[in-house]
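Enquirer: Protein chains in written order, with the working numbering: chain E, 89 to 407; chain Y, 89 to 407. C-beta atoms are modelled at their ideal positions from N, C-alpha and C, and glycine is treated no differently. Because the structure is a prediction, the values reported are computed rather than measured.
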């Protein structure tokens, strides 16, 4: 199959229903006509075979995760996702693989209201890049630099599951039977917290998603906001069944790939935030406080500081 | 150097002066506030080591070309380039290499008024993806589907130079002394025709840039517009000094990597278009006509059809 046939067959055949899209895939560029009253949020993420996913990953899982990690950036801004551009360097054009990849990609895109408006395909060793755009009402986006002294620190979901699944795959130990599927799903098919992010627009001060590990990601908030933070390890939402594993706390604090939201809010918003738990069927957990100073301190049950060699994932250090 | 230090050092230190940028690099997403009265154009291109550039390419040349091929898409729409997001999968973080890459990247970006507002860095075998955004006044963009019966077909610049340089590198023959530098520069540092594209907004009907070969790229226009086209091979702008080489016509018609503009315009615009040649110090050549029917016919001096095995570059066929 030729490159242009591929584009036509899988991509151009889809109808674009979004009124802001003047021109979709198939020209030198897509054309968008902005609506007044909205800010646009734009972000890009690259995924590399053997680095971000196993070379034998199921195409459905890859498509899901590629969109999920980008949608998660929109969630962190409280933005409504709208448009995506997909670049792919593929070893070859295998029809079955592409069919499976595209079906999953568009199912997920439809699910989140995202239109694919551009892209590029070329030959290469399995590298995917997605650029995503979303909207908030003007001036409403959730930034990292808005944490305020005394804010509560909240996190959505359960932490450390993807890291547990990854550690299990790489180190070969067995996860407890009842955890295995949950952890695997979190690693392969994380659900970006898009609807939660939108609900936080009027509740949270600073927010971001956890991709490289809670500790490291929270430090982005404290650095950008010029504040410090204290986290209480005992309050972190972890899976009870994993607690027997000595590395569980480390997975939760530094493992990454969680794609949950970490955010700060003033204490008087606590009730509202707790109520979101029911609405989104998602644990909402207060795990610490924004403080004076700088950096993130993690305290154990005896109020002693916990230290780890690494606070999160660094793409250029050997694992 | 760690990933975040790299981002901070090379990218975040630059000041953003564009009033539409509410938030640049360093959060989960950049935030843009659209101006009324403008459409936004957005496009993305991926470049893979060993495929789009030689693995030992100079970092300055790579940075230039990465921006150039994307700027060329904006030129093809007649859009004013504004913002870019850069993803890079690099084997390692080598300071000298990065310094050279970033200096060249930002010099070129400044030159074209482009602000870098986002990106992603990861480890990988040399893959670069750029997403670019630009503006035109509302409804003004140049599309491929607007060619009209009887239009003249025009092309900017000289064709086939990059293909000649590539053929020389891959097949080892010597280019004439006086052509070598011109062809090499076209291959390594093509100049996107951004200012020309903007001037064509009120003159041209359909337009696109030549990246995969004139013949193949013109077929995108004829297909999208539901018309045919006839090209006169004798009228193609080629370098006289290359005419001795038997493949020169093939380079010009199918070689690609030209990053010139091909566009159609009604015959009464000919004088205006010829005048652009002086303004932009760039040959502007009428090479054919939009006709009834479909597809692109190329005629030689005896009015006979010319055929080549391949009309342009296909990323998934063996060279």
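(1) From what residue to what residue does the alpha helix (DSSP H) around residue 327 of chain E run?
(2) Give the straight-line distance between the Cα atoms of residue 298 of chain E and residue 312 of chain E, rounded to the nearest whole angstrom.
(3) Is any beta-carbon of chain Y found at less than 9 angstroms from that of residue 215 of chain E?
(4) Which of helix, strand or coil does DSSP assign to residue 296 of chain Y?
(5) Short of 8 angstroms in beta carbon distance, which residues of its chain neighbour residue 197 of chain Y, apart from the five on each side in sequence? Order them along the chain.
(6) For residue 231 of chain Y, which of helix, strand or coil comes out of DSSP?
(7) Can you name the residues of chain E whose CB is closer than 9 angstroms to the CB of residue 139 of chain Y?
(8) List, in chain order, every chain E residue whose beta-carbon is nearer than 7 angstroms to that of residue 116 of chain Y.
(9) Run the CB neighbour count on residue 262 of chain E, radius 10 Å, all protein chains shown included, and call it buried at 16 or more, exposed below.
(10) Apply the 10 Å Cβ neighbour rule to residue 274 of chain Y and answer buried if 16 or more other Cβ atoms are within range, or exposed otherwise.
(11) I think residue 341 of chain E touches residue 303 of chain E, with their Cβ atoms under 8 angstroms apart; what is that distance to the nearest whole Å?
(12) Could you pull out every residue in the same chain whose Cβ sits closer than 6 angstroms to the Cβ of residue 134 of chain Y, ignoring the five residues on either side in sequence?
(13) Here's a check: name, in chain order, each residue in its chain whose Cβ is nearer than 7 angstroms to the Cβ of residue 246 of chain E, leaving out the five neighbours to either side.
(14) Report whether the distance from the Cβ of residue 365 of chain E to the nearest heavy atom of the ligand FMN is below 8 angstroms.
(15) Between residue 127 of chain E and chain Y, is there a C-beta pair that is closer than 9 angstroms?
(16) Judging by CA-CA distance, which residue of E/243, E/128 and E/184 is the nearest neighbour of residue 319 of chain E?
(17) May I ask you to report which of helix, strand or coil DSSP gives residue 310 of chain E?
(18) If we call anything under 9 angstroms between Cβ atoms a contact, is residue 264 of chain E one with residue 347 of chain E?
(19) With respect to the beta strand (DSSP E) encompassing residue 217 of chain Y, which residues constitute its N-terminal and C-terminal limits?
(20) Helix or strand or just coil, what does DSSP make of residue 196 of chain E?
(21) Leaving aside the five residues before and after residue 161 of chain E along the sequence, list all residues of the same chain whose C-beta is less than 6 angstroms from its C-beta, in chain order.
(22) Whole alpha helix (DSSP H) runs in the stretch 237 to 271 of chain E with 4 or more residues, listed along the chain?
(23) Listing by chain order, which chain E residues have their CB less than 8 angstroms from the CB of residue 226 of chain Y?
(24) Does residue 307 of chain Y pass the burial test, meaning 16 or more other C-beta atoms within 10 Å, or should it be called exposed?
(25) With DSSP run on the structure shown, which of helix, strand or coil describes residue 135 of chain E?
(26) Find out if the Cβ-Cβ distance for the pair residue 271 of chain E, residue 330 of chain E is shorter than 9 angstroms.
(27) Quick one: which chain E residues come within Cβ less than 7 angstroms of residue 219 of chain Y?
Expert: Walking through what the data contain:
(1) By one-based count along the first chain, residue 327 of chain E stands at place 239. Here residue 327 of chain E belongs to no alpha helix (DSSP H), and DSSP marks it neither H nor E.
(2) One-based indexing of the first chain puts residue 298 of chain E at position 210. One-based indexing of the first chain puts residue 312 of chain E at position 224. Residue 298 of chain E and residue 312 of chain E have their C-alpha atoms some 16 angstroms from each other.
(3) If you number the first chain from 1, residue 215 of chain E lands on position 127. For residue 215 of chain E, the nearest beta carbon of chain Y is closer than 9 angstroms to its own beta carbon.
(4) In the second chain, residue 296 of chain Y corresponds to position 208, counting from 1. Looking at residue 296 of chain Y - three-state DSSP - the assignment turns out to be strand.
(5) Counting from 1 along the second chain, the entry for residue 197 of chain Y is found at position 109. The beta carbon of residue 197 of chain Y lies closer than 8 angstroms to those of 155, 172, 203 and 204 in the same chain, with the five residues before and after it left out.
(6) Position 143 of the second chain, counted from the first residue, corresponds to residue 231 of chain Y. In this structure, residue 231 of chain Y counts as strand in the three-state DSSP scheme.
(7) Within the second chain, numbered from 1, the residue matching residue 139 of chain Y stands at position 51. Simply 177, 210, 211 and 212.
(8) Walking along the second chain from the start, residue 116 of chain Y turns up at place 28. Close to residue 116 of chain Y, with beta-carbon spacing below 7 angstroms, are these residues of chain E in chain order: 131, 161, 164, 165, 296 and 297.
(9) Your numbering for residue 262 of chain E matches position 174 in the first chain. Under a 10 Å Cβ-count criterion, residue 262 of chain E is classified as exposed, with fewer than 16 other Cβ atoms of the shown protein chains found around its own Cβ.
(10) Residue 274 of chain Y sits at position 186 when you count from the first residue of the second chain. For residue 274 of chain Y, the number of other beta carbons within 10 angstroms of its own is at least 16, and it is reported as buried.
(11) As a first step, residue 341 of chain E must be located in the first chain, where it is residue number 253. As a first step, residue 303 of chain E must be located in the first chain, where it is residue number 215. About 5 angstroms; that satisfies the 8 angstroms criterion.
(12) Numbered from 1 along the second chain, position 46 holds the residue referred to as residue 134 of chain Y. The answer, listed in chain order, is 217.
(13) Position 158 of the first chain, counted from the first residue, corresponds to residue 246 of chain E. Once the five neighbours on either side are set aside, the close Cβ partners of residue 246 of chain E are 325, 326, 327 and 371.
(14) In terms of ligand content, the structure shown is empty, and the ligand FMN therefore cannot be addressed.
(15) Mapped onto the first chain, residue 127 of chain E falls at position 39. For residue 127 of chain E, the answer is yes, since a Cβ of chain Y falls inside 9 angstroms of its Cβ.
(16) As a position in the first chain, residue 319 of chain E is number 231, starting the count at 1. Nearest option by C-alpha distance: E/243.
(17) Mapped onto the first chain, residue 310 of chain E falls at position 222. Helix at residue 310 of chain E.
(18) Locating residue 264 of chain E in the first chain gives position 176, where the first residue counts as 1. Locating residue 347 of chain E in the first chain gives position 259, where the first residue counts as 1. No. Outside cutoff.
(19) What you label residue 217 of chain Y is simply residue 129 of the second chain in a count that begins at 1. Segment 215 to 225, the beta strand (DSSP E) holding residue 217 of chain Y.
(20) The residue you call residue 196 of chain E lines up with position 108 of the first chain. Looking at residue 196 of chain E - three-state DSSP - the assignment turns out to be helix.
(21) Position 73 of the first chain, counted from the start, is the residue given in the question as residue 161 of chain E. So the list reads 131, once near-sequence residues are dropped.
(22) Taken in chain order, the whole alpha helix (DSSP H) runs of length 4 or more contained in the stretch 237 to 271 of chain E are 249 to 259.
(23) Stepping through the second chain from its first residue, residue 226 of chain Y is reached at position 138. For residue 226 of chain Y, the residues of chain E that pass the 8 angstroms Cβ criterion are 121, in the order they occur in the chain.
(24) Walking along the second chain from the start, residue 307 of chain Y turns up at place 219. So residue 307 of chain Y counts as buried.
(25) As a first step, residue 135 of chain E must be located in the first chain, where it is residue number 47. Reduced to three states, the DSSP call for residue 135 of chain E is strand.
(26) Counting from one through the first chain, the residue named residue 271 of chain E turns up at place 183. Counting from one through the first chain, the residue named residue 330 of chain E turns up at place 242. The answer is yes: Cβ separation under 9 angstroms.
(27) Here residue 219 of chain Y is taken as the residue at index 131 of the second chain, counted from 1. The contact set of residue 219 of chain Y on chain E, defined by CB atoms closer than 7 angstroms, consists of 132, 173 and 219 in chain order.
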